[in-house]
Amino acid sequence: AAQANDKLALVHVQTLAAAQQALDAGADGLAHIFTDAVPAASFVQQAVDQGFFVIPTLAVFQNIGDEPADLTVIDDPLLAPYLTAADLQSLASPYSGFPALSLANGQEAVKLLFDAGIPILAGTDAPNPGTAHGASLHRELVLLTAAGLSPVEALAAATAITADTFGLADRGRIAPGLRADLLLVNGDPTTDITAMRDIAGIWKL
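Numbering (our numbering), first residue to last: 5 to 209.
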């Protein structure tokens with residue numbers, strides 16, 4: 005029905021079985037990567053054939069899987085000036101302790117899909133417990149690079165690839181005639197993704 009009305013059909017999942025159902029139903033993409041298992045080659049090939057895309061939201065699964073909750077965002081002095089009281093409360097209140105869900109599975113799945121050519125988009129599904137709008141995207145970029153994307157590829161996942169996937173032709177890259185939403189940072193995020201946190205200036209149209 006969404007596609008019949010020129011909309012994308014985007015499905016939230018947590019398990020590989022649910023992702024397979026979404027794929028079989030003809031959905032356009034996933035709003036989470038699955039973290040209970042690693043996909044077989046047949047799943048990856050079907051996703052390629054159907055033009056699938058994935059927004060992994062690894063930052064969420066780091067806080068609900070079997071790993072200790074991540075506090076690197078709340079403890080980062082570079083991000084502290086941008087965190088509200090609500091952000092701090094959410095970041096300090098993860099709901100970890102679900103042994104059937106594994107961040108490692110999710111990262112391996114991301115690498116398999118990315119290497120096959122599936123578009124990977126950066127998102128966090130904030131404000132889930134343990135996340136905060138904006139700030140957690142910086143953690144997501146780190147997790148995407150840990151999954152095998154280069155810093156440049158992770159940056160594209162947060163900008164141009166996302167804009168292209170959602171048909172936002174007026175943003176997502178620096179070019180004449182596009183929205184002048186710019187972030188100036190100290191350092192080189194194309195070699196060190198955490199340099200994105202050392203913000204010198206923000207322009208938002």
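C-beta atoms are modelled at their ideal positions from N, C-alpha and C, and glycine is treated no differently.
{"Asked": "Where does Ile68 sit, in a helix, a strand or coil, going by DSSP?", "Found": "helix"}
{"Asked": "From the DSSP output, in three-state form, read off Leu34 for me.", "Found": "strand"}
{"Asked": "If we ignore side chains and look at the alpha-carbon of each, how far apart do Gly191 and Ala6 end up?", "Found": "42 angstroms"}
{"Asked": "For Ala151, which of helix, strand or coil comes out of DSSP?", "Found": "coil"}
{"Asked": "Look at the Cβ atom of Gly121, then the Cβ atom of Pro60, and state whether they are nearer than 9 angstroms.", "Found": "no"}
{"Asked": "Can the beta-carbon of Leu186 be found closer than 9 angstroms to that of Ala162?", "Found": "no"}
{"Asked": "Can you check which of these residues, Trp207, Leu182, Thr19 and Gly134, is closest to Thr97 by C-alpha distance?", "Found": "First, the amino acid is wrong: residue 97 is Ser here, not Thr. For Ser97, the nearest C-alpha among the options comes from Gly134."}
{"Asked": "Bridge partners of Ile124, per DSSP?", "Found": "Val58"}
{"Asked": "Taking buried to mean at least 16 other C-beta atoms within 10 Å of its own C-beta, is Asp10 buried or exposed?", "Found": "exposed"}
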